[in-house]
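These notes concern the structure reproduced below.
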Amino acid sequence: MLNLYKMHLYRASKATSTLVIGILLGVFLIMNSLLAAFLFDDSMIMNLLGVTVEGTLSGDVYPATVQIFHVNTSDAFNILITIFAVIFAHSDYSKGFIKNTYSLFEEKWKFDLAKWTSMITVVSGIYFAYSFLAVSSNTLLIRTVSASEWGEYFRVLFVSYLCFVAFVTMTYLITSLFKSAAGGMVIGIIIASGLLQTIEKLLDLLIAKLSGAHLEEMVMNAVGVGSKSYFKISDYCLDNVYLSYGANSSTGDTVRTVIVALVYTALGLGLVMLFHRKKDIR
Amino acid sequence: MDYILTTNALTKKYGHYKASNEVSIHVQRGDIYGLIGRNGAGKTTLMKMIGGLSHPTSGSFEIRGSKGENTEQMMSKVGILIENPGLYPNMTAMQNLKTKAIALGIKDDKFLEGLLEEVGLANTGKKKAKQFSLGMKQRLGIAMALVNQPELLILDEPINGLDPQGIAEMRVILSHLCHDKHITIIISSHILDELSKVATRYGIIHEGKLLEEESKEELFSKCSERLELKTSDIERTMNILNTMGFSKIEVKDGAINIYERLNEGGAITIALAKENIQTNEIAVKSEALEDYYFQLTGGQENA
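Chains A and B, in that order, give the protein sequences. Residue numbering for the first sequence follows the numbering used here, starting at 88 and increasing by one per position. Residue numbering for the second sequence follows the numbering used here, starting at 24 and increasing by one per position.
Next comes the structure, spelled out in structure tokens:
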């Protein structure tokens, strides 16, 4: 299994898609940092901009560096990673290379686990390199990070990373289920871009309404000052917890986000292994 | 018999359709086993099951004496090239080989260079696989299949789409692998003429079923030229032919087929006349491999 893991890393190192994603993320990072540095020198405006872009309803103002770092959970980053993950997960099938290795293992779960591990290794490398470069460039161009902000920074980094791993795992699952790069890419991009969040929020409202909530209560709940809490399905949807997690998230939110991320990762990987158990290679 | 592969009623069903229907083949060590069949006959399905890419619905197979329960042990000495070479187009020939070699824990670059040399791709350098001709891709596919130093090589339509030169090169490679490297080869094709130049044993497959399995000699004896003789008394004619020294004779469908001394038709007729046996028909007939195949599979309209 270790050899298969190494093989996937080798092919990733030679793949054009790795290079293209690297370049695109680099360009995205530079443009993001430069525009932020030259257009906005007020951290308050930056924060408000960040809040607007993310579409959170809380209106909390985050420490600027943490918010800038939080670009990792931006749509563009996730969409690019989705495309990369789908290509990575599907290329050995689409090119037919899978036929060279598939029969080497009696237990096919080893095959899937090796591929998943190598994919997570590659995207983690991209994630952390991007995070490091983002915080470095922002420190250089905008302002230095204060000592008190580092704690928040690493918390967001860690929790977002767990969500990120879960997100990539789900992309892997979707690609495997659809047996096509296009299917995996479309669904992955829909999730990454946050389009499902609207549906999830509406479902929250529906559940609250069915639970007997009045309009005023629902509005109060939505802005976080309601006295009565209702079950929210969006609290357990990976895309929502991932895209809405930030420096202002409470300890409860952090614990829930971590659990949701771990459950989705385990579920996604488990299902991939289960589906591939008796799969024929076409 | 030293069989490297035997299948026992190997069956693959897709819904109600049996792509492979209780196929039992026997491949001896050192064979170049030709699987003949038209497109959709079930050759690829059978090869995929043997190559570990597809799970049989029923039946079993043994490779090198190991049964299906231990795929890893069984497949460690099997090389496959099924449908297409399975290459990464943006990689060079060496990088493609190396990718598979890493999966197998092989670190010897010299060995990989040797494989490229064997298939005539030693000088491709930094040229990417996407720039290769079809023949080069097929040869690289064979090199990929050789990375795990197989004892059994499964090649699905490796000459399909190749130009005459490419086909000739492939023939040389296959012959070298079988005779010099002692690799047993199963090769499928619907180009009967080409297959007949390399294969030593044949399995004829049609609509998922194995119709016949025979050696090259057996098959060619059925396809070669013969003297077909029809007389008023077959039993006495056989005695006369025996006394004349004919030994390669068979009686089939009311006719006597003689497979030697085809120019002695006149002498046979005279000998029969002397014994008052009437010669109803005597003619030299021949049957091409293709004709034989059509006859076996139910006619040309099926091909």
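Glycine included, each C-beta is placed from N, C-alpha and C at the ideal position.
- Ranked by how close their Cα comes to the Cα of S270 (chain B), the residues B:K66, B:Y40, B:T260, B:E283 have B:E283 in first place.
- Unbroken beta strand (DSSP E) runs of no fewer than 3 residues, entirely contained in the region 117-181 of chain B, are found at 175-179, following chain order.
- In this structure, the straight-line span from the alpha carbon of G60 (chain B) to that of E273 (chain B) is close to 27 Å.
- Just so you know, the alpha carbons of H229 (chain B) and T204 (chain A) end up roughly 43 Å apart.
- Along the region 64-82 of chain B, going in chain order, the ones with a CB nearer than 8 Å to a CB of chain A are K71, G74, G75, L76, S77, H78.
- Look at E283 (chain B) here: in three-state DSSP terms it is coil, with no helix or strand label.
- With respect to L356 (chain A), L200 (chain A) sits close: the two C-beta atoms are nearer than 9 Å.
- Under the DSSP assignment, E236 (chain B) falls outside any alpha helix (DSSP H), being part of the beta strand (DSSP E) whose first and last residues are 232-238.
- Neighbourhood of S190 (chain A) in chain B, by CB distance below 8 Å: G74, G75, L76, T94, M98, V101, I103, in chain order.
- In the DSSP secondary-structure assignment, R224 (chain B) is bridged to B:Y56, B:S238.
- Note that the region 25-40 of chain B does not touch the region 332-347 of chain A; fewer than 3 beta-carbon pairs, one per stretch, sit closer than 8 Å.
- Within its own chain, the residues whose Cβ lies closer than 8 Å to the Cβ of G164 (chain B), once the five positions on either side in sequence are excluded, are L104, N107, P108, G109, L110, P181, listed in chain order.
- Taking the beta carbon of M94 (chain A) as reference, the chain B residues within 7 Å of it are T122, I125, A126, listed in sequence order.
- Taking CB atoms only, F362 (chain A) has no neighbour in chain B less than 9 Å away.
- With a beta-carbon spacing of about 4 Å, T68 (chain B) and A42 (chain B) fall inside the 8 Å limit used to define contacts.
- In the DSSP assignment, the residues bridged to G102 (chain B) are B:L176.
- By the rule that beta-carbons nearer than 9 Å mark a contact, T103 (chain A) touches chain B.
- Taking a C-beta distance under 9 Å as the contact criterion, I208 (chain B) and L200 (chain B) qualify as a contact pair.
- Under the Cβ criterion of 9 Å, L91 (chain A) is counted among the residues facing chain B.
- Take E298 (chain B), set aside five residues on each side of it, and the residues of its chain with a beta-carbon closer than 7 Å to its own are R259, I263, in chain order.
- Close partners of K202 (chain A) in chain B (Cβ separation under 9 Å) are lacking, with about 11 Å as the shortest Cβ gap.
- For V142 (chain B), the nearest beta carbon of chain A is not closer than 9 Å to its own beta carbon.
- Fully contained in the region 248-312 of chain B are the following alpha helix (DSSP H) runs of length 4 or more, in chain order: 257-266, 288-297.
- Counting along the chain, no alpha helix (DSSP H) covers F84 (chain B); the unbroken beta strand (DSSP E) around it starts and ends at 81-86.
- For A300 (chain A), there is no enclosing alpha helix (DSSP H), as DSSP marks it with neither H nor E.
- Contact holds between the region 265-276 of chain A and the region 163-175 of chain A, because three or more Cβ pairs, one in each stretch, are under 8 Å apart.
- With a beta-carbon spacing of about 13 Å, M159 (chain B) and L120 (chain B) fall beyond the 8 Å limit used to define contacts.
- Straight through space, the alpha carbons of D203 (chain B) and I86 (chain B) are spaced by roughly 21 Å.
- At least one beta carbon of chain A lies nearer than 9 Å to the beta carbon of V170 (chain B).
- For F184 (chain A), the nearest CB of chain B lies under 9 Å from its own CB, placing it at the interface with that chain.
- Any Cβ of chain A closer than 9 Å to the Cβ of L135 (chain B) would place that residue at the interface, and such an atom is absent.
- Exclusion of the five residues before and after N44 (chain B) leaves T34, G231, K232 as the residues of its chain whose Cβ lies within less than 7 Å of its Cβ.
- Here DSSP, grouped into helix, strand and coil, assigns L33 (chain B) to strand.
- Contact between L264 (chain A) and F362 (chain A) holds: CB atoms are separated by about 7 Å, below the 8 Å threshold.
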